[in-house]
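This report concerns only the one structure given below.
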Amino acid sequence: MTAPLRLGINIDHVATVRNARGGAVPDPVRAALMAEAAGADGITAHLREDRRHIRDADMTAIKAAISVPLNFEMAATAEMQKIALLTRPNAVCLVPERREERTTEGGLNVADDDNRLANYIAPFKDAGTRVSLFIGPEERQVAAAAKIGADIIELHCGTYCDLHDEGRFDERDAELARLTSMAKHAHALGIEVHAGHGLSFDNVGPIAALPEVVELNIGHFLIGEAIFTGLDAAIKEMRRVMDEART
Ligand code: PXP
968 MTAPLRLGIN IDHVATVRNA RGGAVPDPVR AALMAEAAGA DGITAHLRED RRHIRDADMT
1028 AIKAAISVPL NFEMAATAEM QKIALLTRPN AVCLVPERRE ERTTEGGLNV ADDDNRLANY
1088 IAPFKDAGTR VSLFIGPEER QVAAAAKIGA DIIELHCGTY CDLHDEGRFD ERDAELARLT
1148 SMAKHAHALG IEVHAGHGLS FDNVGPIAAL PEVVELNIGH FLIGEAIFTG LDAAIKEMRR
1208 VMDEART
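When you read off a place in the sequence shown, starting at 1, and then add 967, the result is the number in our numbering.
Quick look at the structure:
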């Protein structure tokens, strides 16, 4: 039987809207609680080095408020390691970060940084925090993730989603084949497989249908959709579309 598919909701962009005006609203903690009530299986938040959306106090407040697992997304820096160890999330998801980018544009280069990352994740493993690495669908990155003992890889779906959304279906199918193959490969190596970035009602189906993928992390599209239909309805519709594709 295919493993159930969890839905993690990324609430960063509630904080983006709040920060556009300063002040306290809309509150990302309220969004996290609404997401949980709507059936989210986890909450993801990314504390970026420039604090452009989620801030340190948000992370602490979200962790204290929610009952589902917290996935703490971050760059592999000393500052973030210290904060994450104090926050004690269920998992940390290491992502590459460049200040000039609008969002996380590529996967983490684990293969060329494996010694440093192996040392970097050791304190998390000691603390019982699961370690996820956000990588592109490349064999050398999956191999490096296995080598350093990552618990999870999150496959970067951004290229697949862009190609789908632009109607470039042949290239999309080639990227989907890479994601499919790397999901299988990682699973065979004993790594838990997640996926995320750029997912929407329209493009989520083929990713949700991959049996090795057990969690999707979705943010920007759902927070945007919530403007029109509300967060509860947006999350429930995503759940429905995912479940339909899974069966
Ligand atoms: N997963 C990771 C590792 C990410 O960096 C992001 C974007 O912050 C997401 C999932 C969610 O992507 P989106 O906001 O495009 O749904």
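Think of the CB as a built atom: it goes at the ideal place given N, C-alpha and C, for glycine as much as any other residue.
Since the structure is predicted, the reported quantities are computational estimates derived from the model, not experimental observations.
By the CB criterion at 8 angstroms, His1131 and Gly1103 fall outside the cutoff. Secondary structure remark: continuous alpha helix (DSSP H) runs of at least 4 residues inside the region 1124-1206, in chain order: 1125-1132, 1136-1155, 1172-1175 and 1187-1196. Using a Cβ distance threshold of 8 angstroms, Thr1011 and Asn1170 do not count as a contacting pair. Straight through space, the alpha carbons of Ser1099 and Ala1051 are spaced by roughly 13 angstroms. Where Ile1115 is concerned, the enclosing alpha helix (DSSP H) starts and stops at Glu1106 to Ile1115. Boundaries of the alpha helix (DSSP H) around Ile1050: Ala1045 to Thr1054. Looking only at Ile1119, Gly1074, Thr969 and Ala1144, the smallest Cα-Cα distance to Gly1157 is reached by Ile1119. Within the model, the alpha-carbon separation for Phe1039 versus Leu1053 is close to 12 angstroms. In this structure, the CA atom of Val1180 is about 31 angstroms from the CA atom of Glu1046. The way I'd put it, the region 1183-1203 does touch the region 971-982; three or more beta-carbon pairs between them come closer than 8 angstroms. Of the residues assessed, Glu1211 falls on the exposed side of the cut-off, its CB having fewer than 16 other CB atoms within 10 angstroms.
The criterion of a C-beta distance shorter than 8 angstroms is not satisfied by Gly1125 and Gly1095. DSSP places Leu1000 inside the alpha helix (DSSP H), whose first and last residues are Pro995 to Ala1004.
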